[in-house]
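Down below is the structure, laid out as structure tokens.
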Amino acid sequence: MERIKIATVWLGGCSGCHMSFLDLDEFLIELADMVDIVYSPVVDCKEYPEGVAVCLIEGAVCNEDNLELLHKIRARTQVLISFGDCAITANVPAMRNPLGPDNVANVLQCAYIDHAQDNPRVPMSAGIVPTLLTRVMPVHEAVVVEYYLPGCPPSADHIKALLTQLLGGSTPHLEGKQIKFG
Numbered sequence: 012m013e014r015i016k017i018a019t020v021w022l023g024g025c026s027g028c029h030m031s032f033l034d035l036d037e038f039l040i041e042l043a044d045m046v047d048i049v050y051s052p053v054v055d056c057k058e059y060p061e062g063v064a065v066c067l068i069e070g071a072v073c074n075e076d077n078l079e080l081l082h083k084i085r086a087r088t089q090v091l092i093s094f095g096d097c098a099i100t101a102n103v104p105a106m107r108n109p110l111g112p113d114n115v116a117n118v119l120q121c122a123y124i125d126h127a128q129d130n131p132r133v134p135m136s137a138g139i140v141p142t143l144l145t146r147v148m149p150v151h152e153a154v155v156v157e158y159y160l161p162g163c164p165p166s167a168d169h170i171k172a173l174l175t176q177l178l179g180g181s182t183p184h185l186e187g188k189q190i191k192f193g
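Quick note: the sequence shown, position 99, residue 110 per this note's numbering, numbers continuous.
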């Protein structure tokens, strides 16, 4: 029997959602018996694979690299989960959006020139700083998302409940002010 392929992805965010994922503690051992984690910041895989069943996506869509990866993920994955508030609302990464259409130049100026201690200049070499989007957006504005797991970060208990239901073949029930599973 082929094992279920799952992935986790970190776009524009703080990695707190992945820290909650790691807080699954002993359940990670159970999970390892059920699935193959085929792509994640916690595994060494350079290319997003084909045939992924479930992908938890942390972070907002901030740059062209995020957008390109997200489209690849959508094409190669059955179920996408916006994992945490940044993926769902764009949250803190979107704080640059009110700066207006020139926010990219303003952000780069502030980060690389105004606050530089040495050698103030914006790195322009390919592969150093991905091209920023003019507007940071939540994942669902770029691709179709099946489930939303809110929280900053979502609790390990909620992650476990969602994964347990999905891997068990059930449709997760996410409802109300407090997420209720089951």
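Here a beta-carbon is modelled for each residue, glycine too, at the ideal position from N, C-alpha and C. As the structure is a computational prediction, the values presented were derived from the model and not from experiment.
Please report the straight-line C-alpha distance between Thr182 and Thr175, rounded to a whole angstrom.
10 Å
In the DSSP assignment, find the beta strand (DSSP E) that holds Val72 and state where it starts and stops.
72-74
Within 10 angstroms of the Cβ of Asn102, are there 16 or more other Cβ atoms? Answer buried if so, exposed if not.
buried
Can you round the beta-carbon distance between Pro164 and Met30 to whole angstroms, since I take them to be within the 8 Å contact cut?
7 Å
Using C-beta distances below 8 Å, list every residue in its chain close to Ala241, excluding the 5 sequence neighbours before and after it, in chain order.
For residue 241 there is no data in the structure shown, the boundaries of the chain being 12 and 193.
Once DSSP output is grouped into helix, strand and coil, what is the label at Ile40?
helix
Phe192 by DSSP, collapsed to three states: which one?
With a pLDDT of 44 at Phe192, under the threshold of 50, the predicted position of this residue should be treated as unreliable, and no value is reported.
Checking the sheet assignment: what are the DSSP bridge partners for Ile92?
Leu67, Tyr158
Please tell me whether Pro141 and Asp76 are closer than 8 Å, where the distance is taken between their beta carbons.
yes
Just to confirm before moving on: does the CB-CB distance between Pro149 and Ile99 stay below 8 Å?
yes
Can you tell me whether DSSP reads Ser181 as helix, strand or coil?
coil
Taking 7 Å as the line, does the beta carbon of Cys66 fall inside it for any heavy atom of the ligand ATP?
Inclusion of the ligand ATP in the displayed structure is not the case, the ligand content being empty and no account of it being possible.
Applying the 10 Å Cβ sphere with the 16-neighbour rule, what's the burial state of Asp129?
exposed
Below 8 Å, how does it come out for the segment 34-43 and the segment 62-69: are there three or more Cβ pairs, yes or no?
no
Quick check: what's the CA-CA separation for Val147 versus Pro109?
10 Å
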